[in-house]
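Participant:
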Amino acid sequence: MQIVTRHAWNLNEQEAVSLQLELAAKISLRDPEPFDVRRIAGIDVAYDKDDDRLVAAVVVLDADTLDVVETAAAWGSPSFPYVPGLFSFRELPPVLEAFGRLKTAPDLIVCDGQGIAHPRRFGLASHLGLLLGIPSIGCGKTRLIGEYDEPAAERGSASPLLADGGELVGHVLRTQTGVKPVFVSPGHLISPDTACHWVLKLAPRYRLPETTRQADQLVRRELSRITQDRRLP
DNA sequence: GCGACAG
DNA sequence: ATCTTGTCGC
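In terms of the UniProt record's numbering, the first sequence is residues 1 to 233.
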């Protein structure tokens, strides 16, 4: 698929924050109509512990069978420090490169991290969704912002994630009975409820959605692949 | 000033 | 993210 980057990535922290404020105004929390989802993409990034390199991977799953139908990966190096709230500026460059290697564009993207459940309502999922113009969801393992009540223990239970004075920025969703919940928030072109619906559907057996699990596995395989090469004298 | 803080 | 052993359970 063709990737068109709409802005540069060589920014300092102040410029990055300004850009987020500017782009956050363009985010839509409405579901497309019609909203036909056949291919769902999952992304993940892994860091090399010895070298300062990182790998980004994209896996595309069939929405009905959850089978992997296409994958792509790209190597890079951290071009931005890890700063809570500016995560996308660190991981998106290689992720976009990986997307550019896909033959077919997905209908929905699920990211590791947050969507609008972010200080400026512009987390990684929102940034990626906006740049690609594709519906996106943020599914984080831990909280960045927001307050919430613990959801009931049964799979499918959810409680609203509220920021500031009660603004709904997502949901804390229990994907498996008796297991720690995940933080689901819309990235772009999707509503909070529809985002939860898809994450639950993508997690029929494990805590994390299959998109995230498959992307994580691919990225680790890529890491060990080069680690092996490096051991050869 | 003191915590909190996606991966 | 990454560093790390064993352990309980299906």
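Glycine included, each C-beta is placed from N, C-alpha and C at the ideal position.
Hey, how far is the Cα of R39 from the Cα of L61?
Facilitator: Taking the straight line from one Cα to the other gives about 6 Å.
Participant: Compare the Cα-Cα distances from F35 to each of E13, S136, A117, D50 and report the closest residue.
Facilitator: Nearest C-alpha to F35: S136.
Participant: Where does I226 sit, in a helix, a strand or coil, going by DSSP?
Facilitator: Here I226 sits in helix by DSSP.
Participant: Flag this pair as touching only if the region 131 to 145 and the region 208 to 226 have three or more C-beta atom pairs under 8 Å; answer yes or no.
Facilitator: Yes, the region 131 to 145 is in contact with the region 208 to 226.
Participant: In angstroms, rounded to a whole number, what distance separates the CA positions of S191 and Q228?
Facilitator: So the two alpha carbons sit approximately 43 Å from each other.
Participant: Label S77 either buried or exposed according to how many other C-beta atoms from any shown protein chain fall within 10 Å of its C-beta, with 16 as the threshold for buried.
Facilitator: By the neighbour-count rule (16 or more Cβ atoms within 10 Å), S77 is not buried but exposed.
Participant: Within the region 105 to 171, note down every full beta strand (DSSP E) run reaching 3 residues or more, in order along the chain.
Facilitator: Entirely contained in the region 105 to 171, the beta strand (DSSP E) runs reaching 3 residues are, in chain order, 108 to 112, 136 to 140, 158 to 163.
Participant: Use the C-beta contact count for E167: other C-beta atoms within 10 angstroms, 16 or more gives buried, fewer gives exposed.
Facilitator: Exposed, since its Cβ has fewer than 16 Cβ neighbours within 10 Å.
Participant: Counting along the chain, where does the alpha helix (DSSP H) carrying P186 start and finish?
Facilitator: No alpha helix (DSSP H) holds P186; the beta strand (DSSP E) holding it covers 182 to 188.
Participant: Could you spell out the range, first to last residue, of the alpha helix (DSSP H) harbouring W198?
Facilitator: It spans 192 to 202 - the alpha helix (DSSP H) in which W198 sits, taken as one unbroken run.
Participant: Do you know offhand how far R120's Cα is from P106's?
Facilitator: The alpha-carbon atoms of R120 and P106 are separated by roughly 26 Å.
Participant: Taking buried to mean at least 16 other C-beta atoms within 10 Å of its own C-beta, is Q214 buried or exposed?
Facilitator: It is buried - the Cβ of Q214 has at least 16 other Cβ atoms within 10 Å.
Participant: Using CA coordinates, which residue listed in D216, H7, I3 is at the minimum distance from E97?
Facilitator: Considering only alpha carbons, the answer is I3.
Participant: Mind checking which residues open and close the alpha helix (DSSP H) that includes L21?
Facilitator: Residues 13 to 24.
Participant: Could you spell out where the beta strand (DSSP E) holding A56 opens and where it closes?
Facilitator: First-last of the beta strand (DSSP E) with A56: 54 to 62.
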